[in-house]
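Q:
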Amino acid sequence: MHRRAHFVNRNADCVHTQPFYISLSVASLIYIHVYSTGYAHQHHNPDIGMSGRSPMIPYYYHGFSSYSKPPTPAPDTPSPPDIPTSIPTPKPNTNAKANARAKAEAEAKAKAEAKASADAKAKADAKAKAEAIKARKEARAKVEADTRSKVEAQAKAKAQAQTRAKAEAQAKANAKAQAKARAKAQALAEIESKAKAKAAAKAETRANAEAKAKERVLAKAKSKAEAKAKAEERTAAAKVRAEARANARANARAQCSAEKAARNERSKPKEVEHHAEHLTMTSPPPTPTKTPLQRVSTCLAKLAELLKRASGIP
Numbered sequence: 001m002h003r004r005a006h007f008v009n010r011n012a013d014c015v016h017t018q019p020f021y022i023s024l025s026v027a028s029l030i031y032i033h034v035y036s037t038g039y040a041h042q043h044h045n046p047d048i049g050m051s052g053r054s055p056m057i058p059y060y061y062h063g064f065s066s067y068s069k070p071p072t073p074a075p076d077t078p079s080p081p082d083i084p085t086s087i088p089t090p091k092p093n094t095n096a097k098a099n100a101r102a103k104a105e106a107e108a109k110a111k112a113e114a115k116a117s118a119d120a121k122a123k124a125d126a127k128a129k130a131e132a133i134k135a136r137k138e139a140r141a142k143v144e145a146d147t148r149s150k151v152e153a154q155a156k157a158k159a160q161a162q163t164r165a166k167a168e169a170q171a172k173a174n175a176k177a178q179a180k181a182r183a184k185a186q187a188l189a190e191i192e193s194k195a196k197a198k199a200a201a202k203a204e205t206r207a208n209a210e211a212k213a214k215e216r217v218l219a220k221a222k223s224k225a226e227a228k229a230k231a232e233e234r235t236a237a238a239k240v241r242a243e244a245r246a247n248a249r250a251n252a253r254a255q256c257s258a259e260k261a262a263r264n265e266r267s268k269p270k271e272v273e274h275h276a277e278h279l280t281m282t283s284p285p286p287t288p289t290k291t292p293l294q295r296v297s298t299c300l301a302k303l304a305e306l307l308k309r310a311s312g313i314p
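In structure tokens, the structure reads:
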């Protein structure tokens, strides 16, 4: 990272120094163009003097020189007539031409060297620029990779948070459903227990009612049996009394008859005796009767048997 940053900074320095080299190259090109144009005029114009400057080129293209601006002729001044003279025309100086040729060759060589240096400088600048672009691309790719990794990490964390939130929501929903199911089961159990308690209470009430009904039936049967026993006892007592009265009447009648027969026998002893024997033979024997205590015991035994049958006891 340190070497790459240093490399980028070096290229940045080179980039900052490019305007100077560009201006230098432009100045050299202008210089070469001006002088090459001047020498071309010198080669093709035989009227050029020893100064080596072309009168067709402005004075300010020749740099630092003693050449001054030529006087401008008046526009209205007519040209002087051609006066023939006997002065011979000077011969062209061959040394000046050689010097100009040498100078042109030297300037062409300098131009070639400047062009070569400019090409090398352009190649170096292009290489430095390419390296800077490559470094910038690498830095941008690294930044993009870091950004992509950060975005992926954020997306992954977000997905994990969403998954965790979904799991927590599902757990809460399951817990809520389980609590609801437990509450429903508890409510059903309470309802069932209440129904069972109600049924048990109803059964107990029914059993109590049946027991009370049975008790009432038994009490009624007992009261009926007791009333029947009392009635039978009264009937038996009345029957006993009636039989006793009947026996007493029969005894009294028999006694009266016996007394009458005895009186008759005294008067007629044989007939009375025969009549007494006849009465003794024809009179039926007395029927055995139950005492009131025996009848009450019999009624109580029958009442106990009825109570056993009503209560279901074998």
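The sequence shown: position 34 = 34 (the UniProt record's numbering), numbered continuously. The beta-carbon is built from N, C-alpha and C at its ideal position, and this holds for glycine as well. These numbers come from a predicted model, not from an experiment.
What do you reckon, are the CB atoms on A124 and S28 nearer than 7 Å?
A: Cβ distance not < 7 Å, so A124 and S28 don't count as in contact.
Q: With a cut-off of 8 Å on the beta carbons, I'd call L303 and A225 a contact; round off their distance for me.
A: 4 Å
Q: Please determine, among K180, A104, S25 and E190, the residue with the shortest C-alpha to C-alpha distance to S117.
A: S25
Q: For Q18, collect the residues of the same chain with a Cβ closer than 7 Å to its Cβ; drop the 5 residues on either side in sequence, then sort them by chain order.
A: Excluding the 5 residues flanking it on each side, Q18 has same chain C-beta neighbours closer than 7 Å at D125, in chain order.
Q: What is the rounded straight-line gap between the Cα of A185 and the Cα of Q178?
A: 10 Å
Q: From A231 to R295, what distance separates their C-alpha atoms?
A: One C-alpha to the other measures close to 11 Å.
Q: What does the alpha-carbon distance come out to for the pair I30 and Y21?
A: 14 Å
Q: Leaving out five residues on either side along the sequence, give the residues of the same chain with a beta carbon under 6 Å from the beta carbon of A209.
A: none
Q: Less than 8 Å between the CB atoms is what I'm expecting for A238 and L300, so what's the real figure, rounded?
A: At roughly 20 Å, the Cβ-Cβ gap does not stay under 8 Å, so A238 and L300 are not in contact.
Q: When you compare each of H33, A199, E259 and A242 to A112 by their alpha carbons, which one comes out closest?
A: H33
Q: Measuring CB to CB, does L306 end up less than 7 Å from A211?
A: no
Q: Under the three-state reduction of DSSP, which class applies to P55: helix, strand or coil?
A: Low per-residue confidence applies at P55: pLDDT is 48, beneath 50, and the placement is therefore not dependable enough to give any value.
Q: Within 10 angstroms of the Cβ of A236, are there 16 or more other Cβ atoms? Answer buried if so, exposed if not.
A: buried
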